[in-house]
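Okay, structure first, notes after.
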Amino acid sequence: MKKLVALLLAVLMLSMSAMALAEVPEGYPEIVPEMIQAEPLTITIYDYWSGTGERAAEPTEEQQAQYDYRDWIEATYNVKVQQMQGGDWGTCAEEMINFTSAPDGSLRAYIIEPGKVGSLVANGVAASWGDYDFSAEKWNTFTLNAWKIGENVYGVSTGATEPRGCVYFNKRILEEAGIDWNTIYDMQADGTWTWSAWEKLLAQVTKDVDNDGVVDIWGVSGSGDDMYVLATFGNGGSFFDYDAEGKLQPTMNSNETIEALKWGQSIQQNYWMHTPEGANWDWYKEAWKAGSFGFYVYQTYGGYNDNSEMADMEDEWGCVAFPKPDKEGAKYLHVASENTTLIPNVYTAEEIQKIAFFYDLWTNPTPGYDDEDAWIGNKYNYTDERAVDETYAMLRKGEHAIDNKVVYLGTQNDILGSSLLWSLAGGDVNALIEAGLPAWQAACDTFNAK
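Residue numbers for the sequence shown follow this note's numbering, beginning at -16 and rising by one.
See the structure below:
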């Protein structure tokens, strides 16, 4: 009887495969018959923003095409893939830890915010994706490299790298200071947008308008953390890196890092609008929109995204990459920070293969809508074409992205905040690094021992 059941099951599987192979719509991926499931299977992808994951009541044509494609996956492979929210930005990692501590047999993956990925990998909460093939162009090579330890890949993402740190400029303020803001784009394009070029503009913008001895318009402000970190990596420095033996080590005492931090201090001392007394930590967001300074060091999502913080800003703005140091071989960089998909470390190799395969199918571009310019979205509504076509487009390229390996140890705020970055405005660089090294080394030793 068992042999008969097995035979009938095999015939059923072959029939399903034949039917599916004969009905593949144009533009859909080739079917892999061995991945067609004999028993219904459910895989859930948990993120920190999708709510219940319900479909739109009145979908656009592209949304409907995506729904059709995903329905085809379910019908073809006898697999239901669903994406919904599991925790929020602050608790998504905790949700994954709780599941890994008490798995219930369900198959799932978690999309985790960047600052929490490292601890999940370091503490064995995330599984290796096994020998899955990530050679397709859709996979984000930055993320693959960032979370590849030895020969094992622990975290993945798809699509181009999302630009992060940048420098905005207020066109009105620059024009009033006698600066043609288009020349900043020109410098970026020809490679002369450097530290010294920026300093000249900052000096030109910073001024006491009414001659009362108090600066009325400052050259720059924003996220001091972003400025120091971008300057460090642009100068060839880092805060943590692997040594020749593959061990993570503190590297903030390198000449390149110290030079960049001291340069950043000079910017803050001469041109930076500092926190007004009694103000909240993020006071600079409103001060920027009010025209209190000419340049703004911040993240791209502050201006380019729909419903961004700068959506109600009256003055027009432009945007360029953070300037590079005045040295040969330097290039424009941003510190990438990608939402990363992890698989809980509770599954067999076969189960991991299934999760990986169906996550791959689920995240494919919608057939017929894989427009290479889709990333532009509504960005032209918020700024000028050069900020989109030159700056944002450039920073999407992998060669302009770099990773801050502090994420292996924890969040940047936890590891580098009070001990270094938040103390630089009035502190001594060398003394701060010397004081912090024992704790940073201990954190690395703990990580290396896992």
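Using N, Cα and C, we set each Cβ at its ideal position, and we do this for glycine too. None of these values were measured; they are calculated from a predicted model.
Backbone secondary structure at residue i - three-state DSSP
i, result
"K121", "coil"
"Q65", "strand"
"N106", "coil"
"V318", "strand"
"A(-7)", "Confidence in A(-7) is poor, its pLDDT being 47 and thus under 50, which makes the residue's placement too unreliable to answer from."
"P233", "strand"
"G301", "strand"
"W358", "helix"
"Y11", "coil"
"D224", "strand"
"W112", "coil"
"V(-12)", "Confidence at V(-12) is low in this model, with a pLDDT of 43, below 50, so the placement of that residue is unreliable and no value is reported for it."
"D30", "strand"
"T25", "strand"
"T429", "helix"
"P16", "helix"
"T324", "strand"
"I95", "strand"
"W246", "helix"
"W255", "strand"
"K337", "helix"
"A1", "Confidence is the limiting factor: at A1 the pLDDT is only 49, short of 50, which leaves the residue's position unreliable, though a coordinate-based value still follows. In the structure shown, A1 sits in a helix (DSSP, three-state: H, G or I)."
Cβ-Cβ separation, residue j to residue i (assumed contact under 8 Å), whole Å
i, j, result
"K95", "N322", "For the record, residue 95 in the displayed sequence is Ile; it is not Lys. With a Cβ gap of about 7 Å, I95 and N322 count as contacting."
"N135", "S111", "4 Å"
"G261", "T366", "Contact doesn't hold; Cβ gap of about 32 Å is too wide."
"D208", "Y281", "The Cβ separation is near 10 Å, so there is no contact."
"H441", "A214", "For residue 441 there is no data in the structure shown, the boundaries of the chain being -16 and 433."
"W72", "P8", "Going by Cβ atoms, the distance from W72 to P8 rounds to 37 Å, so no, they are not a contact pair."
"D298", "G274", "6 Å"
"P12", "L344", "7 Å"
"Y342", "A48", "The Cβ separation is near 20 Å, so there is no contact."
"A143", "W358", "7 Å"
"E373", "A172", "6 Å"
Contact set for residue i: own chain, Cβ-Cβ below 8 Å, skip 5 residues either direction
i, result
"E22", "N61"
"E382", "K314"
"V104", "W130, I132, Y137, G138, L325 and Y391"
"D193", "D199"
"D295", "K272"
"E453", "With the chain covering only -16 through 433, there is no way to say anything about residue 453."
Contact set for residue i: own chain, Cβ-Cβ below 6 Å, skip 5 residues either direction
i, result
"E417", "none"
"V(-6)", "Bear in mind that the predicted position of V(-6) carries a pLDDT of just 46, short of 50, making it too unreliable to give a figure here."
"L254", "According to the sequence provided, residue 254 is Tyr. The question's Leu does not apply to it. Correct list, in chain order: L185, T189, G202 and V203."
"I167", "V303"
"G101", "V390 and Y391"
"Y93", "Y29, M79 and L325"
"S438", "Residue 438 is absent from the structure shown; the chain starts at -16 and stops at 433."
"S221", "T234"
"G205", "Y267, Y279, V280 and Y281"
Close beta carbons around residue i, own chain, < 7 Å, minus the five adjacent residues each side
i, result
"P97", "S320, E321, N322, T323 and V390"
"Q20", "Y60, N61 and V62"
"N218", "E239, E242, A243 and P308"
"G500", "Since the first and last residues shown for the chain are -16 and 433, residue 500 lies out of range."
"W122", "V139 and T141"
Residue i at chain B interface by Cβ criterion, 9 Å
i, result
"D173", "Absent from the structure: chain B. Only one protein chain is present."
Distance cut-off 8 Å: residue i Cβ against heavy atoms of the ligand GTP
i, result
"S402", "As presented, the structure is devoid of all ligands, the ligand GTP included, so that no description of it is given."
**Asked** If you scan the stretch 169 to 206 from start to end, which runs of the alpha helix (DSSP H) of 4 or more residues do you find wholly inside it?
**Response** 178 to 188
**Message:** So within the stretch 263 to 297, which uninterrupted alpha helix (DSSP H) runs reach at least 4 residues, ignoring any that extend past its ends?
**Reply:** 267 to 272
**Asked** What residue ranges within the stretch 66 to 92 form continuous alpha helix (DSSP H) runs of no fewer than 4 residues, ordered along the chain?
**Response** 75 to 84
**Prompt:** For the stretch 122 to 157, which segments carrying the beta strand (DSSP E) assignment without a break, of at least 3 residues, lie completely within its bounds, in sequence order?
**Reply:** 148 to 153
**Asked** Do the stretch 180 to 199 and the stretch 158 to 172 touch if we need at least three Cβ pairs shorter than 8 Å?
**Response** yes
**Request:** Decide yes or no for the touch test of the stretch 404 to 413 against the stretch 245 to 252: beta carbon pairs closer than 8 Å, at least 3 of them.
**Result:** yes
**Stretch pair the stretch 64 to 83 + the stretch 359 to 378: three plus CB contacts closer than 8 Å** = no
**Message:** With a threshold of 8 Å, are at least 3 pairs of Cβ atoms found where one atom belongs to the stretch 257 to 270 and the other to the stretch 226 to 244?
**Reply:** no
**Request:** Please confirm if the stretch 369 to 381 is in contact with the stretch 77 to 93, defined as three or more CB-CB distances below 8 Å between the two stretches.
**Result:** no
**Prompt:** If you scan the stretch 351 to 400 from start to end, which runs of the beta strand (DSSP E) of 3 or more residues do you find wholly inside it?
**Reply:** none
**Message:** For the structure I just gave you, are there three or more beta carbon pairs, one from the stretch 171 to 180 and one from the stretch 298 to 308, closer than 8 Å?
**Reply:** yes
**Request:** Answer yes if the stretch 225 to 234 comes into contact with the stretch 422 to 433, meaning at least three C-beta pairs across the two stretches below 8 Å, and no otherwise.
**Result:** yes
**Item:** Cβ contact (3+ pairs, closer than 8 Å) linking the stretch 148 to 155 and the stretch 331 to 351
**Value:** no
**Asked** If we count Cβ pairs, one from each stretch, closer than 8 Å, do we get three or more for the stretch 37 to 50 versus the stretch 73 to 85?
**Response** no
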